[in-house]
Amino acid sequence: MLEVEGVTTRYGELTAVDDVSLTVADGELFCLLGPSGCGKSTVLRTIAGFEEPASGDISIRGTDITGRPPHQRDCSIVFQDWALFPHKTALENVAFGLKMQGVDAAERRERAQEALDLVEVGSQAEAAPDELSGGQRQRVALARSLTVDPDLLLLDEPLSNLDRRLRESMQIELKDIQRRLETTMVYVTHDQNEAFTLADRLGVMNDGELVQVGDPGTVYDD
Ligand code: ADP
Ligand code: ADP
Numbered sequence: 013m014l015e016v017e018g019v020t021t022r023y024g025e026l027t028a029v030d031d032v033s034l035t036v037a038d039g040e041l042f043c044l045l046g047p048s049g050c051g052k053s054t055v056l057r058t059i060a061g062f063e064e065p066a067s068g069d070i071s072i073r074g075t076d077i078t079g080r081p082p083h084q085r086d087c088s089i090v091f092q093d094w095a096l097f098p099h100k101t102a103l104e105n106v107a108f109g110l111k112m113q114g115v116d117a118a119e120r121r122e123r124a125q126e127a128l129d130l131v132e133v134g135s136q137a138e139a140a141p142d143e144l145s146g147g148q149r150q151r152v153a154l155a156r157s158l159t160v161d162p163d164l165l166l167l168d169e170p171l172s173n174l175d176r177r178l179r180e181s182m183q184i185e186l187k188d189i190q191r192r193l194e195t196t197m198v199y200v201t202h203d204q205n206e207a208f209t210l211a212d213r214l215g216v217m218n219d220g221e222l223v224q225v226g227d228p229g230t231v232y233d234d
């Protein structure tokens, strides 16, 4: 599904990602784990096309997408702040992603409502973001990224702003949704427990390098 081959990404003199290679299978949830500043976000941003790698190649479903602009990469990225448009309702926020894909208005509403139902905030469709709790806002943002049915969903610490209880329940829900929809995901976190809970496979980063890859059971847990 996703192949990252020998990718190096620099910010000026700083090598943030150093010769990283990884593959993610169709329907797999791959977690990138490592301390703050080790380059996890930069890997995601490079896959998404927001950073240009100095070297290396990225392909999705066998097509080399290196150099393509972000909207031509068949992937969708979710950042930790889950920004919603404040003046749009939950439903309109979710439908917006489909508008960008040229889906007509009636179908947009229908699919947006389905996605909200899926993450169990369907009854909040007409609410504005500031009428929702933090957890509900995150669900709306998740619905928005799921509804465009991306080949690949990239998640950058999506639950890090939640309190522990909500974070743990969202982890279980997210895993459940991922299994049901068979969405391929790359999930970035610095939280080891979260990575071990979610991952089908796990990559551990340190100082720009991918130092270990394996099943959660085989990756050294220290
Ligand atoms: P992580 O996601 O693991 O916290 P990042 O990919 O955000 O790591 O950052 C990796 C390194 O690159 C850090 O040293 C960070 O300060 C640096 N960095 C990240 N983004 C930029 C940027 N836009 N400009 C310059 N340096 C950056
Ligand atoms: P994360 O590591 O979770 O991505 P950061 O706070 O490191 O969060 O980064 C937030 C934003 O700031 C990102 O867009 C990142 O590219 C940018 N950034 C991070 N470090 C630097 C840096 N040293 N110089 C410039 N921009 C940076």
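Quick note: to get our numbering, add 12 to the position in the sequence shown (first position is 1). From the three backbone atoms N, C-alpha and C, an ideal C-beta is built for every residue, glycine too.
Using CA atoms only, rank isn't needed, just tell me which of Pro228, Ile184 and Ala139 is closest to Leu171.
The option with the nearest alpha carbon to Leu171 is Ile184.
Taking the alpha-carbon positions, what's the Leu165 to Thr27 distance?
In this structure, the CA atom of Leu165 is about 25 angstroms from the CA atom of Thr27.
Give me, in chain order, the residues of the same chain whose beta-carbon lies closer than 7 angstroms to that of Thr21; leave out the 5 immediate sequence neighbours on both sides.
Only Ala28, Val29, Thr54, Thr58, Glu63, Pro65 and Ala66 meet the Cβ criterion.
Taking 8 angstroms as the threshold (C-beta atoms), are Gly109 and Val160 in contact?
With contacts defined by Cβ atoms closer than 8 angstroms, Val160 and Gly109 form a contacting pair.
Would you call the CB atoms of Asp163 and Ile72 closer than 8 angstroms?
Taking 8 angstroms as the cut-off, the Cβ atoms of Asp163 and Ile72 count as close.
Just to confirm, are Val90 and Ala153 a CB contact at a threshold of 8 angstroms?
Their beta carbons are under 8 angstroms apart, which means Val90 touches Ala153 by this criterion.
Thr207: CB within 7 angstroms of a non-hydrogen atom of ligand 1
The sequence shown places Ala at residue 207, rather than the Thr named in the question. Not under cutoff, so the answer is no.
Pull up the distance between the alpha-carbon of Pro98 and that of Ala211, whole angstroms please.
Between Pro98 and Ala211, the C-alpha separation is close to 32 angstroms.
Beta-carbon gap between Asn218 and Cys87 smaller than 8 angstroms
No, the pair does not count as a contact, with Cβ atoms beyond the cut-off.
Determine the direct distance from the alpha carbon of Pro47 to that of Leu34, and round the result to whole angstroms.
Between the alpha carbons of Leu34 and Pro47 lies a gap of roughly 19 angstroms.
So if I measure from each beta-carbon to every heavy atom of ligand 1 and keep distances below 5 angstroms, which residues remain?
Listed along the chain, these residues meet the criterion: Tyr23, Ala28, Ser48, Gly49, Cys50, Gly51, Lys52, Ser53 and Thr54.
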